[in-house]
Amino acid sequence: DAREMVLFLIGGLELIVNLLKSTNNEVLTSIGAVVSKLAKDKEILGVLTDLGVVPLLAELTNTLYFPYSFFRNQLIRIILMVKNLFLFSSLQTDNRLRCNLAEAIGHCCMWSTNRASFGEFGAIGHLVRYLKSKDRSVLLSAAMALYQLSKEPNNIITMHEEGVVQVS
Numbered sequence: 154d155a156r157e158m159v160l161f162l163i164g165g166l167e168l169i170v171n172l173l174k175s176t177n178n179e180v181l182t183s184i185g186a187v188v189s190k191l192a193k194d195k196e197i198l199g200v201l202t203d204l205g206v207v208p209l210l211a212e213l214t215n216t217l218y219f220p221y222s223f224f225r226n227q228l229i230r231i232i233l234m235v236k237n238l239f240l241f242s243s244l245q246t247d248n249r250l251r252c253n254l255a256e257a258i259g260h261c262c263m264w265s266t267n268r269a270s271f272g273e274f275g276a277i278g279h280l281v282r283y284l285k286s287k288d289r290s291v292l293l294s295a296a297m298a299l300y301q302l303s304k305e306p307n308n309i310i311t312m313h314e315e316g317v318v319q320v321s
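One rule links them: number in the working numbering = place in the sequence shown (from 1) + 153.
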């Protein structure tokens, strides 16, 4: 009976991690929030880490603008490339997704090597850019994530290189 419960739990967590590969904005927003809540439990966080949640979260931070659908984003990129225009400011951002991703990353940092892994996967520079947001919840979540990531010495170097601390 305990074995079945464990297999059921792992299967559910595997589904959650796989949903981070979705191209649907609402799915990513919701799953980011779910991962953020689940990652507060150390044992669950260990399983999520083993299932590859870190590189998926890091990759999602790389998206400057979170479109309503993957195809819409690709179409806009093609149009902009063809016209050679860089009108990125007109694209829709999704602050809820950024907030949930940053919060999930912050909580996932509680597992042994995840802080270093997020740094290696390039999430820090993108989180630093979140600090330019006008949305208070994005700022709070990004600051929390960067604080957790700063407990890894190599990440501090990256943060300085990315300009998180202004030197006069």
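The C-beta atom is built at its ideal place from N, Cα and C for all residues, glycine as well.
Keep in mind it's a predicted model, so treat the numbers as computed, not measured.
- Item | Residue environment, L240, which counts as buried when at least 16 other CB atoms sit within 10 Å | With a pLDDT of only 38 at L240, under the threshold of 50, the placement of this residue in the model should not be trusted; the figure read from the coordinates follows. Under this definition L240 is an exposed residue.
- Message: Excluding the 5 residues flanking V200 on each side, which residues of the same chain have their C-beta closer than 8 Å to its C-beta?
- Response: Result list for V200: L162, I163, L166, in chain order.
- Item | Span separating the alpha-carbon of L325 from that of M263 | Residue coverage of the chain in this structure runs from 154 to 321, which leaves residue 325 outside it and unanswerable.
- Item | Same chain, Cβ closer than 8 Å to S175, neighbours up to 5 away in sequence not counted | Taken in chain order, the residues that qualify are L181, I184.
- Message: For Y300 and V281, what's the separation of their Cα atoms in angstroms?
- Response: Their Cα atoms are separated by approximately 11 Å.
- Query: What is the DSSP secondary structure of A269, counted as helix, strand or coil?
  - Reply: Secondary structure at A269: helix, using DSSP grouped into helix, strand and coil.
- Just how far apart, CA to CA, sit F271 and I277? If you take the alpha carbons of F271 and I277, they lie about 7 Å apart.
- Can you list, in chain order, the residues of its chain whose CB lies under 6 Å from that of G259, leaving out five sequence neighbours each side? Answer for G259: M297, A298, Q301, listed in chain order.
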